[in-house]
Amino acid sequence: MTDLGALPVQAYLAACLLAGVIGLGLGYVAWTDREEPGGTEVALYLLCGGGISLLYAVRVAIASELAMVVALNLSTPLVAAVPGIWMAFVLAFSGHDRWRTENRTVALAAPAFVWVLAAWSSGTHGLSRRSLAAVVEGPFTLLSFGLGIADAAFVLYAYGLCIAGALVVVDLYRRTGNRYRLQTFVILLGTLFPFLGGIVTVIDVGSYAHLAWFPTGLVVHGAFLYGTVFWLGTLDAAVVARDTAVEVMQDPVIVAGSDGEIRDLNPAAEELLPPDAVESSLSEVFPLLEVGVEHPISIGGRQFDIQEDPITDPRGTDRGHVFLLRDVTEREHRQTELERREAELERQNERLEDFAGVVSHDLRNPLAAATAAVELARSGTGDNDDALDRAANAHERMDDLIEGLLSLATAGKSVDEVDRVSLDGTARRVWSRLETADATLSVDGPDVPALADGDRLEQLLSNLFRNAIEHVGDDVAVRVEIEHREDGITLTVDDDGPGVPPDQRSEVTERGVSLDGGTGLGLAIVGDIAEAHGWALSVEESASGGARFVISGIEPADD
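Numbered as in the numbering used here, the sequence shown ends at 665 without a single skipped number.
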C-alpha cells in the first residue's frame with residue numbers, strides 16, 4: 107500500500123467527527139419531532155450513522171488495538187441496523203405500512219442479528235473478521251481484517267435491502283406524478299452516497315485499504331431523508347394518500363393536509379379548481395367542502411355528493427383528509443322530476459276533491475233550484491215566466507260551473523313546453539275576444555318576449571279581465587303593466603273598482619271563494635296556471651283603489 111501520509115489525515119478525521127456530530131444532532135432533532143410519518147426511522151438512521159462515524163474516528167485516532175476492537179464491536183450493531191431501518195423508512199414513505207407486520211419485521215432483522223453475533227464471536231469460529239490485527243501505515247495504526255463468510259452474507263443482505271428499497275422509491279417516483287417527483291428524486295440521490303461508499307470500502311479502491319468510506323455516506327444520506335420528511339413535507343398527506351387519489355378516477359379527488367392546505371388533486375378535480383389550487387388553503391379555494399355543508403353541492407351546473415375520509419399514520423395521528431366528489435347530477439335530476447310528478451299528483455288529487463265538492467254541492471244547488479222551478483211551472487200555481495227565469499238562471503250557473511271545472515282540470519298541469527310569446531300582443535288579443543261593452547284596456551311597458559304556454563297564458567288573462575268586468579261593471583278601466591326586472595318579467599292587471607279587502611286578499615284565489623256569489627273558480631284557475639309555470643301570484647291594491655293582480659317571475663325569452 108502507498109504511504110498513508112499522503113492522506114490529509116486531520117481533514118479526514120475532522121470529516122468523520124463532523125459527520126458524527128451532524129448525524130447525532132439531526133437524529134436528536136428528528137427524534138423530538140418523530141410524530142411525522144417516517145420521522146422515527148429518519149431519527150434512528152441518523153443516530154446510527156452519526157454513531158458509526160464517531161466510532162470510526164476513534165479507531166483512526168487511537169493507536170491501541172484493544173480500543174480499536176472495542177470501537178469496532180460497538181459499531182457492529184449500528185451497522186447491522188442500518189439496512190433494516192432504511193427498508194422500514196421506505197415502506198413508511200411509500201404508504202406500504204401494511205407490509206410492516208410483526209412477523210416480517212422479525213424476519214427482516216434476523217440476518218442482521220445473526221451477523222452481529224457472528225462478528226462478536228469471530229475469534230472462536232473464523233466465520234467473520236478473519237486475521238484481525240493492528241497494522242501501521244504511515245503515522246497511523248489501523249485495524250486490519252479480512253471478510254469471512256458471515257461478512258460476505260451480510261454484505262449481500264445489506265445491498266439487497268438497499269436495492270429493494272431503492273426500487274420501491276423508484277416505483278413511487280413513477281406513480282406519484284410530477285408534483286412529488288422532486289422528493290423521491292432527492293431520496294434516490296442520497297442513496298448513492300452509502301451505496302458507493304460501501305463498495306469502495308469493500309473493494310479497497312485507492313491507497314487506503316483499511317479506511318471505511320461509508321460512515322460519512324450514511325450521514326449524508328440521512329440528511330437527505332431528514333430534508334425530505336421535515337422540510338419538503340411529503341409525508342404530511344400526499345404520498346400516503348396517493349393510492350386513494352387514483353389518477354384515472356372520473357370523480358374528482360382532493361387531498362388536504364392536516365394544516366388545511368391542498369396537497370394533491372386528480373385530473374378530474376383539476377378541472378373544477380383553479381390552476382394554483384395546490385398548496386393553497388382549502389377553505390379559501392373550495393369553501394363548500396367545509397364541515398357541515400349540506401350535500402349535494404352545485405359546481406358549474408353539476409351536483410356532487412362529498413365523501414370525506416381522514417388520513418392517519420400507523421400511530422393514529424391526523425395527517426389530513428381525502429375528499430371524493432361523486433357526480434350525482436343525473437340522480438338529482440331524477441329526484442327533481444320525481445318530486446315534480448309527486449307535486450303534480452298531489453295537485454290533481456286536490457282538484458279531484460274540489461271537483462267532488464263542486465259536483466256534490468255547488469252543482470246540486472242550482473240543479474235543485476231548476477227542478478223546483480220546473481215543477482212550479484208545471485203545477486200552474488205560480489207565475490210561469492218567473493219560474494222559467496229561475497230555471498234558466500240555474501242552468502246558466504251550472505254551465506258556468508261546468509266550464510270552470512273543465513278549465514280547472516287543465517290549469518294546474520305542469521308546463522312541459524313553453525313558447526316565445528308577446529305579453530302585450532296576448533293581452534290585446536284576449537281583450538278583443540271578450541264582450542267588453544264600455545270597458546277599456548290600456549297596456550303599458552316594454553313588449554318583452556316571454557316564455558310561457560300560450561294557451562294557458564291567454565286563459566289567465568281572460569279570467570282576470572272577466573273578473574274585472576263582472577265585479578266592477580261594464581265601464582271598468584283595466585290596465586296591464588309589463589315590467590322587466592332582475593328576477594324576470596312582472597305582469598300586473600289592475601282595475602278601478604272597489605278592490606279586494608286586505609283581509610281577503612290571501613283567500614280570494616282559493617277554489618270556491620267568491621266575493622259576490624260567483625263560482626269561485628276563475629281566480630283559482632289563475633293561481634293554478636301561475637303555479638304550473640313557476641310564477642308567483644299576489645293580490646294588492648291598485649293606484650285607483652281597485653284590485654291589482656301581480657304575476658312575477660316570468661322568464662324572459664332570449665333574443
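We treat Cβ as the ideally placed atom computed from N, Cα and C, and that holds for glycine.
Helix, strand or coil, according to DSSP, for Val296 in the structure here?
Here the sequence assigns Gly to residue 296, which means Val is not the residue at that position. For Gly296, the secondary structure class from DSSP, reduced to helix, strand or coil, is helix.
My understanding is that Glu587 touches Asp553, with C-beta atoms under 8 Å, so please give their C-beta distance in whole angstroms.
Actually they do not touch by this definition, with Cβ atoms about 12 Å apart.
Please report how far the alpha carbon of Ser612 lies from the alpha carbon of Gly366, in whole angstroms.
51 Å
At a Cβ threshold of 8 Å, is Arg654 touching chain B?
Checking the listed chains, one finds no chain B in this structure; it contains a single protein chain.
Tell me whether the beta-carbon of Ser181 lies closer than 8 Å to the beta-carbon of Leu150.
no
Neighbourhood of Ala343 by C-beta distance below 6 Å, restricted to the same chain and skipping five residues each side:
Because the pLDDT at Ala343 is just 43, under 50, the model does not fix this residue reliably, and the value given afterwards should be weighed accordingly. The answer, listed in chain order, is Val361, Gly363, Arg369, Ile417, Arg425, Gly426.
In or out: Ser228 buried (at least 16 other Cβ within 10 Å) or exposed?
buried
Determine the DSSP secondary structure at Glu390, reduced to helix, strand or coil.
Collapsing the DSSP output to three states places Glu390 in a helix.
Terminal residues of the continuous beta strand (DSSP E) containing Leu430?
Where Leu430 is concerned, the enclosing beta strand (DSSP E) stretches over 424-433.
Take Glu450 as the anchor and find which of Ala163, Arg539, Asp634, Ala186 has the nearest alpha-carbon.
Asp634
Report the rounded CA-to-CA distance for Glu564 versus Arg408, giving the unit in angstroms.
Straight-line spacing of the CA atoms in Glu564 and Arg408 works out to 36 Å.
Within the continuous alpha helix (DSSP H) that includes Ser650, where are the two ends?
Unbroken run through Ser650: none, as it is neither H nor E.
Same chain only: Cβ atoms within 6 Å of Leu262, ignoring 5 sequence neighbours per side:
none
When you compare only the Cα positions, how much space is there between Ala383 and Gly156?
Between the alpha carbons of Ala383 and Gly156 lies a gap of roughly 40 Å.
Validate contact between the segment 266-277 and the segment 165-174 using beta carbons, cut 8 Å, 3 pairs
no
So, with DSSP's three-state summary, where would you put Gln454?
helix
Based on Cα-Cα distance, which residue from Leu233, Leu248, Gly131, Phe392 lies nearest to Met174?
Leu248
Could you pull the start and end residues of the alpha helix (DSSP H) that Arg235 belongs to?
Unbroken run through Arg235: none, as it is neither H nor E.
Can you find the residues in the same chain that come closer than 7 Å, C-beta to C-beta, to Phe410, ignoring five residues on each side of it along the sequence?
Pro402, Ile403, Leu431, Arg432, Asp433, Val434
If you follow the beta strand (DSSP E) that Thr532 is in, where does it begin and where does it stop?
First-last for Thr532: 529-538, but that is the alpha helix (DSSP H), not the beta strand (DSSP E).
If you drop the 5 nearest sequence neighbours on each side, which residues of the same chain put their C-beta closer than 7 Å to that of Asp581?
Asp544, Ala545.
Residues near Leu132 by beta carbon distance below 6 Å, same chain, minus five either side
Leu152, Tyr332
heavy atom of the ligand NAP below 7 Å from Thr546 C-beta:
In the structure shown, the ligand NAP is absent, as is every other ligand, since no ligand is present at all.
Beta-carbon contacts of Arg437 that lie in its chain and below 6 Å, excluding the five residues immediately before and after
none
Rounded to whole angstroms, what's the CA-CA distance from Ala213 to Pro373? Just pull it up for me.
Cα-Cα distance, rounded: 40 Å.
What number of angstroms, rounded off, separates the C-alpha of Leu298 from the C-alpha of Pro321?
13 Å
Cα-Cα separation, Leu597 to Glu541
Using only the alpha carbons, I get a separation of about 23 Å.
Which word fits Trp641, buried or exposed, when buried means at least 16 other C-beta atoms lie within 10 angstroms of its C-beta?
buried
In the DSSP assignment, the alpha helix (DSSP H) including Leu563 goes from what residue to what residue?
560-578
Among the residues of its own chain, which have a CB less than 6 Å from the CB of Val599, if the five just before and after it don't count?
Leu570, Val586, Phe655
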